[in-house]
Amino acid sequence: MFVENLKQLKKYNQVYIIDCLNKNSKKFISEKNLENKLVIFRQLSLNDVDINYLKEKNINYKIFTWQSFNKNIYLMWLSHKMSFKESNNLYNFFFKKNSIHINFLVKLYNDQKIKDAFKKYLIDISQDYYDLKILLKILLRFNKNVKCFIFKDTNKSIFNYDRSINETKDIVPITSKNFSIKKIFTLIFYPIFLSLFNKKYKFKIKKKDFNIGFRIYSNGFAFQDYGNLDWLIEGDKKLTEQSLFILEDNLKERKLDKFKSLVEKKYNYCSANYWLQSDIEIKSILKNFLSFLKSIFINLKLLSNNNELILNFYFEGYINYFIWNNFCENYNIQNYICYHNYQFQHYFRNSILNKNNCKTIHYKATNSENIFNFKISKKYNNSRMALFNYDIEFHQTVQSIEMSKQNISNSKKFVISGPTFISKSIENKNILNEKKFKILMFNSSYNSYTAVNGIEGHYKFLTLVEKILENKNNVVYFKSKKNYQVYYSIENKVKILAKKLFEKENFKVLDGFYPNNLIIEKSDLAISMAFASPLIYSIYKKKYFIYCDLLNQYPNSYFKNYENICINNIDKVIQLINLYSLNKIDKNKYNQLYLDCFGNDNLKNSKKLIELELNKKIL
3 MFVENLKQLK KYNQVYIIDC LNKNSKKFIS EKNLENKLVI FRQLSLNDVD
53 INYLKEKNIN YKIFTWQSFN KNIYLMWLSH KMSFKESNNL YNFFFKKNSI
103 HINFLVKLYN DQKIKDAFKK YLIDISQDYY DLKILLKILL RFNKNVKCFI
153 FKDTNKSIFN YDRSINETKD IVPITSKNFS IKKIFTLIFY PIFLSLFNKK
203 YKFKIKKKDF NIGFRIYSNG FAFQDYGNLD WLIEGDKKLT EQSLFILEDN
253 LKERKLDKFK SLVEKKYNYC SANYWLQSDI EIKSILKNFL SFLKSIFINL
303 KLLSNNNELI LNFYFEGYIN YFIWNNFCEN YNIQNYICYH NYQFQHYFRN
353 SILNKNNCKT IHYKATNSEN IFNFKISKKY NNSRMALFNY DIEFHQTVQS
403 IEMSKQNISN SKKFVISGPT FISKSIENKN ILNEKKFKIL MFNSSYNSYT
453 AVNGIEGHYK FLTLVEKILE NKNNVVYFKS KKNYQVYYSI ENKVKILAKK
503 LFEKENFKVL DGFYPNNLII EKSDLAISMA FASPLIYSIY KKKYFIYCDL
553 LNQYPNSYFK NYENICINNI DKVIQLINLY SLNKIDKNKY NQLYLDCFGN
603 DNLKNSKKLI ELELNKKIL
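Structural data, given as structure tokens:
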């Protein structure tokens with residue numbers, strides 16, 4: 003199913019790269035004679051339904067994933083660098099075409115930073131196009147009859163920009179009419195809808211006061227068995243009472259279990275999304291009606307543009323204006339806290355919150371990519387993290403802050419927090435209580451388009467686990483980034499070995515809800531693939547740990563500067579385990595690493611640091 007050997011492409015008369023599977027691309031493929039021809043999709047463009055469709059139709063296809071080519075893993079980040087490099091030109095090109103809509107949003111919010119939101123949006127969507135372009139260039143080396151066909155409207159828009167400055171003969175946009183009349187209808191009448199379908203009409207709303215608002219969304223962390231989003235207020239009754247969890251999508255319908263746990267904990271919560279609103283004041287209904295009249299021409303003009311690129315951006319900007327003004331009409335919060343909220347929409351929310359005297363705070367739950375290759379850190383970019391815009395960014399390490407600034411953050415303040423998601427509770431108090439030498443092992447993403455350790459890397463890591471288990475005095479606790487069953491998703495040697503390990507008596511799989519800090523505390527040694535974030539806690543607590551780069555994919559890693567930290571050889575890992583078990587490794591060697599990561603020899607824990615930065619007018 004996966005493209006694992008590019009040389010095999012030579013046997014096909016024609017290779018088609020397709021950017022997505024939708025109604026139009028399905029029609030395109032069905033009309034092609036695919037005898038001795040191959041269709042290639044990128045892994046991130048397909049879901050399970052898409053794969054089932056391809057199988058049912060007997061389409062000759064393969065899936066491209068960067069994880070199959072980890073020796074050249076930096077290739078997957080080239081598209082990000084390209085989108086950054088072109089960001090100013092992209093902005094000028096599309097702003098000129100859509101200035102009336104961008105300027106309308108700037109005036110609506112009374113905030114020039116909305117222009118930065120548009121630039122961030124362009125950086126993000128152009129990365130997808132440049133990723134296709136890089137893939138095309140690679141495949142053409144192995145088969146001269148490769149063409150890329152693009153069906154996504156945003157990719158077609160970026161193609162038009164690219165065509166204005168470059169020859170693009172091997173990329174073919176397929177014309178189609180995908181413009182969303184439904185979205186335009188929603189856009190035009192949203193102020194009216196909002197006014198008619200709120201809970202209650204009031205002349206004056208008495209705002210509910212909260213110190214902290216926490217962003218919660220369907221695909222993120224939650225509570226109890228589903229995560230620990232509440233780690234910042236855990237065990238603090240007073241702070242819990244002054245906290246509000248804010249649903250930025252329709253969590254009730256999409257994630258019932260997660261919503262149930264929110265209710266069971268008796269947390270304060272509300273909705274801030276398209277359809278679930280709060281009370282509304284009579285004067286706001288009048289304002290919404292005036293906004294409807296003022297914007298109707300601008301909104302209708304999108305119909306004549308027939309441009310999905312500007313529609314997507316403008317839709318989010320316009321709708322979020324009403325959502326967050328309505329929210330601030332009902333709630334007075336001093337601080338808004340979120341994690342990994344990289345999407346361009348955060349500009350719209352933060353603009354309104356700031357105008358209502360609310361401080362916006364972002365923290366990262368992971369470390370930064372520049373630790374993989376310190377030599378090229380100045381050349382690296384991540385389009386998802388471009389142009390952050392918060393009052394405060396909390397980062398786990400010095401390196402993470404450097405990376406944020408490299409991605410041109412607009413945030414006002416940067417603080418090193420050390421590891422986040424530090425929890426005090428654990429479901430099973432007896433976990434990791436065996437008398438054997440307790441080794442905690444973390445993998446990285448598997449079966450993922452942008453996995454930094456490929457299939458062979460995971461096989462090597464599981465081979466190490468098997469070797470460790472030969473010593474019956476060792477017990478391995480394995481905590482997978484997603485779940486352990488992800489190893490069963492592809493029929494290969496990884497699946498066979500993963501199932502074999504699962505049957506071992508001294509091999510234990512830990513569920514995802516066990517807090518990393520507590521299980522690291524209880525372990526004798528923590529080992530991870532390169533370079534999983536949980537081990538930042540090991541550095542923080544100066545606990546024994548090893549990073550395994552068993553294929554030596556990252557010879558210029560930041561951690562290579564420290565003895566016995568980053569290991570490329572299984573036998574060397576086994577040797578170190580024996581030394582650690584005998585307590586023959588000096589912990590003092592961690593002192594310099596601690597300073598280099600955190601910049602402070604006496605760093606307060608992340609809870610205390612974030613708490614110090616909170617507005618506390620209410621409390």
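Numbering (my numbering), first residue to last: 3 to 621.
Where is the CB? At the ideal position from N, CA and C, for every residue including glycine.
Cα-Cα separation between residue i and residue j, rounded to whole angstroms
i: Lys484; j: Phe515; result: 11 Å
i: Lys209; j: Asn275; result: 19 Å
i: Lys115; j: Lys122; result: 11 Å
i: Ile424; j: Lys609; result: 8 Å
i: Ala532; j: Ile218; result: 29 Å
i: Ile620; j: Asp211; result: Per-residue confidence for Ile620 stands at a pLDDT of 46, beneath the threshold of 50, marking its modelled position as unreliable; no derived number is given.
i: Lys59; j: Leu48; result: 15 Å
i: Lys545; j: Gln594; result: 14 Å
i: Lys12; j: Ser70; result: 18 Å
i: Thr452; j: Ile65; result: 13 Å
i: Leu80; j: Lys426; result: 41 Å
i: Asn252; j: Gln16; result: 44 Å
i: Val488; j: Phe504; result: 13 Å
i: Leu537; j: Leu389; result: 27 Å
i: Asn100; j: Phe120; result: 11 Å
i: Lys562; j: Asn449; result: 27 Å
i: Asp551; j: Thr465; result: 13 Å
i: Asn334; j: Leu442; result: 43 Å
i: Ile235; j: Val477; result: 34 Å
i: Ile207; j: Ile214; result: 20 Å
i: Ser413; j: Asn617; result: 17 Å
i: Asn91; j: Tyr392; result: 25 Å
i: Ser370; j: Asn38; result: 43 Å
i: Leu172; j: Lys149; result: The question names Leu, but residue 172 in the sequence shown is Asp. The straight-line gap from Cα to Cα measures roughly 5 Å.
i: Leu584; j: Asn383; result: 43 Å
i: Lys239; j: Ala224; result: 18 Å
Counted within 10 angstroms of its Cβ, other Cβ atoms place residue i as buried (16 or more) or exposed
i: Phe291; result: exposed
i: Gly459; result: buried
i: Arg44; result: buried
i: Leu512; result: buried
i: Gly237; result: exposed
i: Lys87; result: exposed
i: Ile373; result: buried
i: Leu311; result: buried
i: Arg143; result: exposed
i: Ile183; result: exposed
i: Thr362; result: buried
i: Lys109; result: exposed
i: Leu196; result: buried
i: Gly456; result: buried
Residues bridged to residue i [DSSP beta-bridge criterion]
i: Gln401; result: The partner list for Gln401 (beta bridge, DSSP) is empty, contrary to what the question assumes.
i: Gly215; result: Leu246, Tyr338
i: Tyr549; result: Ser530, Cys568
i: Phe1; result: The requested residue 1 is not part of the displayed model; the chain covers only 3 to 621.
i: Phe509; result: Val478
i: Lys210; result: Tyr333
i: Phe4; result: Ile65
Where the beta strand (DSSP E) through residue i begins and ends
i: Ala500; result: From DSSP, Ala500 is part of no beta strand (DSSP E) but of the alpha helix (DSSP H) over 495-504.
i: Pro175; result: 173-175
i: Met84; result: Premise fails: Met84 lies in the alpha helix (DSSP H), 80-87, not in any beta strand (DSSP E).
i: Ser32; result: Counting along the chain, Ser32 falls outside any beta strand (DSSP E), though it belongs to the alpha helix (DSSP H) covering 25-32.
i: Gln16; result: 16-20
i: Lys524; result: Segment 518-524 is the alpha helix (DSSP H) holding Lys524; no beta strand (DSSP E) there.
i: Lys149; result: 148-152
Endpoints, the alpha helix (DSSP H) within which residue i is located
i: Phe199; result: Careful: Phe199 lies outside any alpha helix (DSSP H) and carries neither H nor E.
i: Ser159; result: 155-165
i: Tyr132; result: 116-142
i: Phe600; result: 592-600
i: Val575; result: 572-583
i: Lys543; result: 537-543
i: Lys610; result: 608-615
Contact with chain D by residue i, beta-carbon distance below 9 Å
i: Cys340; result: In the structure shown, chain D cannot be found, because there is only a single protein chain.
Suppose only complete runs of 3+ residues qualify. What are the beta strand (DSSP E) ranges in the segment 239-296, listed by chain order? Listed in chain order, the beta strand (DSSP E) runs fully inside the segment 239-296 are 245-249, 270-273, counting runs of at least 3 residues.
Pick out the complete alpha helix (DSSP H) segments inside the segment 312-394, 4 residues or longer, and give them in chain order. Fully enclosed alpha helix (DSSP H) runs of 4 or longer: 348-357.
Could you tell me which uninterrupted beta strand (DSSP E) segments, each at least 3 residues in length, are contained entirely in the segment 35-78, listed from first to last along the chain? For the segment 35-78, whole beta strand (DSSP E) runs of length 3 or above, ordered along the chain, are 39-44, 63-66.
Which ranges would you report for the alpha helix (DSSP H) in the segment 440-495 if only whole runs of at least 4 residues count? For the segment 440-495, whole alpha helix (DSSP H) runs of length 4 or above, ordered along the chain, are 457-471.
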